[in-house]
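Student: Note that the UniProt record's numbering has the sequence shown beginning at 1, numbered continuously upward. From the three backbone atoms N, C-alpha and C, an ideal C-beta is built for every residue, glycine too. As the structure is a computational prediction, the values presented were derived from the model and not from experiment. Starting off with a structure, shown below.
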Amino acid sequence: MSKIKTAFFCQNCGYESAKWTGKCPSCNQWNTFVEEKVQKELPLHRQEWKSTKIDQPRAPKVVHLDAVEAIEEKRWLTPDAELNRVLGGGIVAGSLVLVGGEPGIGKSTLFLQNALMLKNIKTLYISGEESEQQIKMRADRLKIHNDQFYLLTETSTQAIFQEIKKLEPQLVIVDSIQTLQSPLIESAPGSVSQIRETAGEMMRFAKESNTPVFLIGHITKDGSIAGPKVLEHMVDTVLQFEGDQHYAYRILRTIKNRFGSTAELGIYEMTGNGLRQVNNPSEILISQRDDMLSGVAIAATIEGLRPMLVEVQALVTQSVYGTPQRTATGFDLRRLQLLLAVLEKRGGFHFGMKDVFLNIAGGIKVEDPSIDLAVLCALLSSFEDIGISHKCCFAGEVGLSGEIRAVNRIEQRIAEAEKLGFEKIFISKYHKKGLDFSKFNIEVVSLGRVDEVYQRLF
Ligand code: TYD
Ligand code: MG
Numbered sequence: 001m002s003k004i005k006t007a008f009f010c011q012n013c014g015y016e017s018a019k020w021t022g023k024c025p026s027c028n029q030w031n032t033f034v035e036e037k038v039q040k041e042l043p044l045h046r047q048e049w050k051s052t053k054i055d056q057p058r059a060p061k062v063v064h065l066d067a068v069e070a071i072e073e074k075r076w077l078t079p080d081a082e083l084n085r086v087l088g089g090g091i092v093a094g095s096l097v098l099v100g101g102e103p104g105i106g107k108s109t110l111f112l113q114n115a116l117m118l119k120n121i122k123t124l125y126i127s128g129e130e131s132e133q134q135i136k137m138r139a140d141r142l143k144i145h146n147d148q149f150y151l152l153t154e155t156s157t158q159a160i161f162q163e164i165k166k167l168e169p170q171l172v173i174v175d176s177i178q179t180l181q182s183p184l185i186e187s188a189p190g191s192v193s194q195i196r197e198t199a200g201e202m203m204r205f206a207k208e209s210n211t212p213v214f215l216i217g218h219i220t221k222d223g224s225i226a227g228p229k230v231l232e233h234m235v236d237t238v239l240q241f242e243g244d245q246h247y248a249y250r251i252l253r254t255i256k257n258r259f260g261s262t263a264e265l266g267i268y269e270m271t272g273n274g275l276r277q278v279n280n281p282s283e284i285l286i287s288q289r290d291d292m293l294s295g296v297a298i299a300a301t302i303e304g305l306r307p308m309l310v311e312v313q314a315l316v317t318q319s320v321y322g323t324p325q326r327t328a329t330g331f332d333l334r335r336l337q338l339l340l341a342v343l344e345k346r347g348g349f350h351f352g353m354k355d356v357f358l359n360i361a362g363g364i365k366v367e368d369p370s371i372d373l374a375v376l377c378a379l380l381s382s383f384e385d386i387g388i389s390h391k392c393c394f395a396g397e398v399g400l401s402g403e404i405r406a407v408n409r410i411e412q413r414i415a416e417a418e419k420l421g422f423e424k425i426f427i428s429k430y431h432k433k434g435l436d437f438s439k440f441n442i443e444v445v446s447l448g449r450v451d452e453v454y455q456r457l458f
């Protein structure tokens, strides 16, 4: 009897090793190696998806780029404008999309809802997680009817491809890739080798049949798509669905996209009957109030191509314990420490014995560096206990020497602030010459350095 071949796989990044190792040489995580049986037998006849038309093998040949025929990607626009946006303009035929997200964030809801909304497209929703009744109940809750929607609760890829051949769907959704199992691999579903194999089979199906396939995947605590980082390079697009479970807002972010920009973002709100698209995020991210509270500043950020005004809240208090605390929600803690150091050194504000808490309202995470200036102003406002007028907003990056740096698409930010009724926007004075701010009705204040901020603001 032949020996069963095994290998050790890092469950974090998918690194393969012949022997067990304490620390993964690829991702530097400790204790992530698990032994997996690699193969039952040699795959003499793979039972995966086989296309009916067999391509003639083509001899490799050099071609001139100009001689290559350009083909327009075929795309479908879904009724969900946010999904279209993150996919770079709709679903591309034959594309393989991986969607990651923490359990319970709403991945199944999002894709069930989208599949049901695509009226004239025959969709197959494969679920290894929920029963047919559970999915039916959820569909009833979403209150969308679609007579082209089919359901399959199965985990074996062999059985799945048999059903796919019979049904010939135009769109396939797999919930989730961690539950799929290929009969070629002996290890348990969810293991690195299973995920790699089943995703590979799905990819061949997508490419050969030109059917778009969405793979839903769970995410580990540290935010990487569980185990199979290996999947990220295989698929065409990686989307991440994120948000704070305690808030209703969810963000669909593009991590990788072969068919569009990765700077895109879709925003949804979880409601009693499904996810609602949020077309104007600024209005929900700023709490409506009239009084001036200290420690609150509004940032004019841009996520993807979309301007978004977000509220930054800071609380600076006298430290009770020896070591002052610093916490940040929705903002990088190291960046906060850096800004505090800049304020200390370049502005002469002593945060050394203060506890500092920072929060971005709405439970969202902002990566745009233009939020720096608003963070800095919120900190100053709480430090001095003087409120900032709620008619002011900010857009600028803060440099280490205390300079306020220019940020991209400033005109778009100003226009958004004006549209939302702000009366004053603080920006860097280093924006390139020739920008004409006089066309705006909003007052534009240019700042050069951190110490100027204080004088101009209070
Ligand atoms: P789900 O899509 O099952 O999450 P995932 O597939 O990412 O694990 O959604 C989970 C949550 O969404 C669940 O806690 C209930 C909530 N929900 C609503 O609030 N409204 C709805 O209409 C639906 C269908 C779900
Ligand atoms: Mg689910």
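Comparing C-alpha positions only, which one of Leu124, Ile144, Pro103, Ala93 sits nearest to Met117?
Tutor: Stepping through the sequence shown from its first residue, residue 117 is reached at position 117. Per the Cα distances, Ile144.
Student: Please give the ranges of any beta strand (DSSP E) in the segment 350-400, keeping only runs that are unbroken, at least 3 residues long and fully inside the region.
Tutor: Qualifying beta strand (DSSP E) stretches, in chain order: 354-360, 392-395.
Student: Taking Asn201 as part of the alpha helix (DSSP H), name the residues at either end of that continuous run.
Tutor: What you label residue 201 is simply residue 201 of the sequence shown in a count that begins at 1. The amino acid at residue 201 is misidentified as Asn; the sequence shows Glu. Here the alpha helix (DSSP H) through Glu201 covers 192-209.
Student: Sort Val312, Gly347, Asn359 by Cα distance to Thr327 and report the nearest one.
Tutor: Along the sequence shown, one-based indexing puts residue 327 at 327. The candidate whose alpha carbon is nearest that of Thr327 is Asn359.
Student: Assuming Glu311 contacts Ile284 (C-beta within less than 8 Å), just tell me the rounded distance between them.
Tutor: Along the sequence shown, one-based indexing puts residue 311 at 311. Along the sequence shown, one-based indexing puts residue 284 at 284. Between Ile284 and Glu311 the Cβ distance is about 10 Å, and since that is not below 8 Å, they are no contact.
Student: Excluding the 5 residues flanking Leu44 on each side, which residues of the same chain have their C-beta closer than 6 Å to its C-beta?
Tutor: Taking the sequence shown and counting its residues from 1, the one referred to as residue 44 is at position 44. At Leu44, the pLDDT of 45 sits below 50, so the modelled position is not reliable; the number obtained from the coordinates is stated separately. If we look at Leu44 and ignore the five residues flanking it on each side, it has no Cβ neighbours.
Student: Using alpha carbons as the reference points, say which of Lys424, Leu420, Pro212, Glu242 lies closest to Ser389.
Tutor: The residue given as residue 389 occupies position 389 in the sequence shown. Selected option, being the one with the closest Cα: Lys424.
Student: Decide if His350 is buried, meaning its Cβ has at least 16 other Cβ atoms within 10 Å, or exposed.
Tutor: Sequence index remark: in the sequence shown, residue 350 carries index 350 (1-based). His350 comes out exposed.
Student: Under the DSSP definition of a beta bridge, which residues are partnered with Tyr454?
Tutor: The residue you call residue 454 lines up with position 454 of the sequence shown. Its beta-bridge partners do not exist; DSSP assigns none.
Student: Under 8 Å: does the beta carbon of Lys136 sit that close to some heavy atom of the ligand MG?
Tutor: Position 136 of the sequence shown, counted from the first residue, corresponds to residue 136. No, Cβ of Lys136 sits at least 8 Å from all heavy atoms of the ligand MG.
Student: Can you list, in chain order, the residues of its chain whose CB lies under 7 Å from that of Val342, leaving out five sequence neighbours each side?
Tutor: Residue 342 sits at position 342 when you count from the first residue of the sequence shown. Correct list, in chain order: Val398, Leu400, Gly402, Val450.
Student: Kindly identify the DSSP beta-bridge partner or partners of Val172.
Tutor: Residue mapping note: residue 172 aligns to position 172 of the sequence shown, counting from 1. Leu124, Val213.
Student: Over the uninterrupted beta strand (DSSP E) stretch that includes Glu423, give me the two end residues.
Tutor: If you number the sequence shown from 1, residue 423 lands on position 423. Looking at the DSSP string, Glu423 is not in any beta strand (DSSP E), and its letter there is neither H nor E.
Student: Cα-Cα, which of Thr237, Ser95, Asn84, Leu275 is closest to Ala206?
Tutor: By one-based count along the sequence shown, residue 206 stands at place 206. Nearest of Thr237, Ser95, Asn84, Leu275 to Ala206, Cα basis: Ser95.
Student: Skipping 5 residues on each side, what residues in its chain have a beta carbon closer than 8 Å to that of Lys119?
Tutor: Start at 1 with the first residue of the sequence shown, and residue 119 comes out as number 119. Contacts found: Asn146, Gln148.
Student: Spatial neighbours of Val277 within its chain, please: CB distance less than 7 Å, with the 5 preceding and 5 following residues excluded, ordered by chain position.
Tutor: Taking the sequence shown and counting its residues from 1, the one referred to as residue 277 is at position 277. Correcting the residue type first, residue 277 is Gln in the shown sequence and not Val. So the list reads Asp80, Ala81, Glu82, Tyr268, once near-sequence residues are dropped.
Student: In the DSSP output, what is Trp20 paired with across the bridge?
Tutor: Taking the first residue of the sequence shown as 1, we reach residue 20 at position 20. Beta-bridge pairing links Trp20 to no other residue.
Student: As a quick exercise: from Gln455, Thr78, Ser428, Leu457, pick the residue whose alpha carbon is nearest that of Leu447.
Tutor: Numbered from 1 along the sequence shown, position 447 holds the residue referred to as residue 447. Closest option to Leu447, Cα to Cα, is Ser428.
Student: Looking at the ligand TYD, does it come within less than 8 Å of Glu102, judged from the CB to the closest heavy atom?
Tutor: Taking the sequence shown and counting its residues from 1, the one referred to as residue 102 is at position 102. Correct: Glu102 has its Cβ closer than 8 Å to the ligand TYD.
Student: Mapping the DSSP letters down to three states, classify Val444 as helix, strand or coil.
Tutor: Counted from its first residue, the sequence shown places residue 444 at position 444. It is a strand residue.
Student: Just to check, is the beta-carbon of Glu129 closer than 8 Å to a non-hydrogen atom of the ligand MG?
Tutor: If you number the sequence shown from 1, residue 129 lands on position 129. Yes, Cβ of Glu129 sits closer than 8 Å to a heavy atom of the ligand MG.
Student: Got a sec? Which residues, its chain only, sit under 6 Å from Phe458 by beta carbon, not counting five neighbours each side?
Tutor: Taking the sequence shown and counting its residues from 1, the one referred to as residue 458 is at position 458. Ile386.
Student: The alpha helix (DSSP H) that contains Ala115, what's its start and end?
Tutor: Indexing the sequence shown from 1 puts residue 115 at position 115. Its alpha helix (DSSP H) spans residues 107-117.
Student: Assign Arg409 to one of three DSSP states: helix, strand, or coil.
Tutor: Translated into the one-based positions of the sequence shown, residue 409 becomes position 409. It is coil, neither helix nor strand.
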